[in-house]
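Residue numbering for the sequence shown follows my numbering, beginning at 484 and increasing consecutively.
In what follows, a structure is listed as structure tokens, so that the remarks can point back to it.
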Amino acid sequence: MQELINKLNQLEKHSAILEPSEKQREHYQKELHKYSSQFIREIDEHPSFIEGHGKTDALKFEGSSKSFSELLSLYHEEVTLKGINPASGGHLGYIPGGGIYTASLADYLACVTNEYAGMYYGSPGAVTIENDLIEWMKGVFNFPKSAIGNLTSGGSIANLIALTAARDHHQIKNELIHKSVIYVSEQVHHCIHKALRIIGLSEVIIRHIDLDENSRIQANFLEELVKTDLQNNLNPFMVIASAGTTDTGAIDPLKTIGEIAEKHKLWYHIDGAYGGFFILVDDKKNDFDGIEMADSLVIDPHKSLFLPYGLGAVLVKNKEAVFTSHHYTANYMQDALSDYSIINPADVSPELTKHFRGLRLWIPLQLHGIEPFKASLEEKIVLTHYFRALLKDIGFKLGPEPDLSVSYFWFPSEEIDKNEFNKKLLEFIHEDGSVFLSSTIINSQFVIRMAILAFRTKKNTIDKGIQMITECLQKTKAYYNM
Ligand SMILES: *Cc1c(COP(=O)(O)O)cnc(C)c1O
């Protein structure tokens, strides 16, 4: 016995540092505050993109203890000053969001209190917060009260949960897999294909529906494809539309697709990870007509609600379909099974223990209300028009008028191959880095892509971007002796 007590005393002493003193905590807070304040203060002075780095060993854990301020400077040098700065308003590549500050306070609080948001029994308060946010989203997208949902780490897992429900509801397994058909746009996000592989549906038949000149699905082709497949004894079971494609921000004709899905009893999935919350903008609301017809819908608050990375969401109308794969009762959880009327996040997701991620949306919404989010979303739409108008003035060709805030452009170089010229131009843009743009291929043509969604992107940012593009265009012309 004494031996055990001695051992325990010794171990307690050695692990005591895991509970820092109040003074120590104050010190950490001060350092953190100093660093994050400086980061935000100087955010516009740093480039949005710094390219080209070799590997570093500086970040390796070598068992030694470093001071917090040493770690912060290491973080600054090796993390924040490399690659894309996703917190910067100048991030106009991929799908940015920014990361509003008050969400970081929520993450801090969630970590300190370490609430368990998987089961109502464990933390009725935390689960209520998450479920109330799902209720709120159901209201935003006009989903019925009976729908369920989950807050995920992002759009990919949200899509995975939705597609799993579709698979289980239509019982796509065994011999049926090879005969089953899913209808998608070529512009569908690649995480859909990943999800299908993960859930054992890599061998289903994927049909690409023809798109119009704005990269939207042409619904009449969908109906034709379904009819032909039915005639050929195949098993059409799902159609996937996007409410804002990643490449060009196109919103598919949601209502018409919904009607076809209903007629042919297809599971209707809508991926609104990028664009979904633009439904909050009055002028855009109509474009989302029919979104309420979806059997499952994905939205991504870490995109169109500007949260830091780590929050997606899925809504599904058919609870049983979701529960088929995700609901589980194990003996060691028997105490947690008291109330059947409350949805436990763990029954709607592959995750059991997870970050209490609802708090990072709940605190900002409760603090600020929805109006500043709406204003910021509308600002992104107006900035997109503004950017396009300026680009046109300096001689660029533009892709079609976008539905939302993603668009593309290219320089119509006559003497030099357009693809080659614009690739070179983007190289100069990346080298400069004051504003970050990405590229894509549209109709076999290389184009420069702009995605305006970060909450810190302002008129100033666009003016800076235009100045940079003008300079890079001169450099590219000089490069080709034009
Ligand atoms: C970003 C995106 C996804 C993937 O979401 P993550 O949050 O990155 O996992 C899915 N679909 C669309 C349309 C997206 O823009």
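Cβ coordinates follow ideal geometry from the N, Cα and C atoms, glycine included.
Computed from a predicted structure; not experimentally measured.
Leaving aside the five residues before and after residue i along the sequence, list all residues of the same chain whose C-beta is less than 7 Å from its C-beta, in chain order.
| i | result |
| --- | --- |
| G882 | T731, S890, Y891, F892, I925, V930 |
| A630 | K621, L798, V799, K800 |
| E775 | F624, N625, F626 |
| F704 | I692, D693 |
| D712 | V664, P719 |
| N657 | none |
Check whether the Cβ atoms of residue i and residue j lie closer than 8 Å to each other.
| i | j | result |
| --- | --- | --- |
| E561 | T596 | no |
| C955 | I912 | yes |
| S888 | L842 | no |
| L737 | A726 | yes |
| S531 | S571 | yes |
| I734 | R699 | yes |
| S896 | M951 | no |
| F894 | F870 | no |
| I688 | L717 | yes |
| I846 | L554 | no |
| K907 | Q928 | no |
| R974 | T923 | The first residue shown for the chain is 484 and the last is 965, placing residue 974 beyond what the model contains. |
| F480 | I567 | Examination of residue 480 is not possible in this model, given that the chain is present from 484 through 965 alone. |
| R840 | L634 | yes |
| E861 | V781 | no |
| G852 | L575 | no |
| E598 | A609 | yes |
| Q670 | T739 | no |
| L850 | T585 | yes |
| G632 | A777 | no |
| A648 | K837 | no |
| A541 | L515 | no |
| P885 | T867 | yes |
| L616 | L844 | yes |
| D783 | I675 | no |
| Y511 | F551 | yes |
Among the candidates the options, whose CA atom is the shortest distance from the CA of residue i?
| i | options | result |
| --- | --- | --- |
| L835 | P847, H809, I853 | H809 |
| H752 | T959, H652, T867, S685 | H652 |
| G638 | H838, K907, K786 | K786 |
| T611 | R871, T711, K942, N827 | N827 |
| E613 | G948, L873, E862, A829 | A829 |
| L679 | A702, H691, A645, R524 | A645 |
| D590 | N902, F904, L794 | L794 |
| F626 | K837, F771, P895, L850 | F771 |
| T812 | K628, M602, L491, H851 | M602 |
| S519 | L780, L749, I583 | I583 |
| E528 | R840, L873, K837, G573 | G573 |
| T563 | T739, H838, Q485, I526 | I526 |
| K710 | Y599, H747, S685 | H747 |
| L749 | N697, E509, S921, I655 | I655 |
| Y792 | F522, I488, P569 | P569 |
| L946 | M965, Q957, D876 | For clarity, residue 946 is Asp in the given sequence; the question names Leu instead. Residue D876 is the option with its Cα nearest to D946. |
| A802 | F551, S832, Y815 | One point to set straight first is that residue 802 is Lys, not Ala, in the sequence displayed. It is S832 whose Cα lies nearest to the Cα of K802. |
Tell me, which residues are paired with residue i by DSSP?
| i | result |
| --- | --- |
| I925 | Q928 |
| A796 | L634, I782 |
| K549 | In the DSSP output, where bridge partners are listed per residue, K549 has none listed. |
| N718 | S663 |
| M933 | S890 |
| S859 | Partner(s): none; S859 has no beta bridge. |
| K738 | According to DSSP, K738 bridges with nothing at all. |
| F532 | I567 |
| W750 | M721 |
| G991 | With the chain running from 484 to 965 in the structure shown, residue 991 is simply not present. |
| F911 | Answer by DSSP bridge pairing: none, since F911 is not bridged. |
| R680 | Per DSSP, none; premise fails for R680. |
| I612 | Its beta-bridge partners do not exist; DSSP assigns none. |
| A829 | Looking at the DSSP assignment, A829 forms no beta bridge with any residue, so it has no partner. |
Identify, in the order they occur along the chain, each residue of the same chain with its Cβ nearer than 6 Å to the Cβ of residue i, setting aside the five sequence neighbours on each side.
| i | result |
| --- | --- |
| E534 | H913 |
| K767 | F761 |
| Q701 | D693, D695 |
| L909 | S922, I931 |
| A804 | A648, D651, H652 |
Leaving out five residues before and five after residue i in sequence, what residues of the same chain have Cβ atoms less than 8 Å from its Cβ?
| i | result |
| --- | --- |
| F904 | F894, S896, T959, Y963 |
| I864 | F761, V764, D766, K767, L887, S888 |
| K453 | Outside the modelled stretch of the chain, which goes from 484 to 965, sits residue 453, for which no answer is possible. |
Worksheet entry | Cβ contact check for the region 716 to 725 and the region 664 to 676: 3 or more pairs under 8 Å | Segments in contact, yes.
Worksheet item: Can you find at least 3 beta carbon pairs, one from the region 786 to 795 and one from the region 756 to 776, that sit closer than 8 Å?
Response: The region 786 to 795 and the region 756 to 776 touch, with no fewer than 3 CB-CB distances between them shorter than 8 Å.
Worksheet item: Does the region 575 to 582 come close enough to the region 938 to 954 to have 3 or more Cβ pairs within less than 8 Å?
Response: Touching, yes, given that three or more Cβ pairs across the two stretches are closer than 8 Å.
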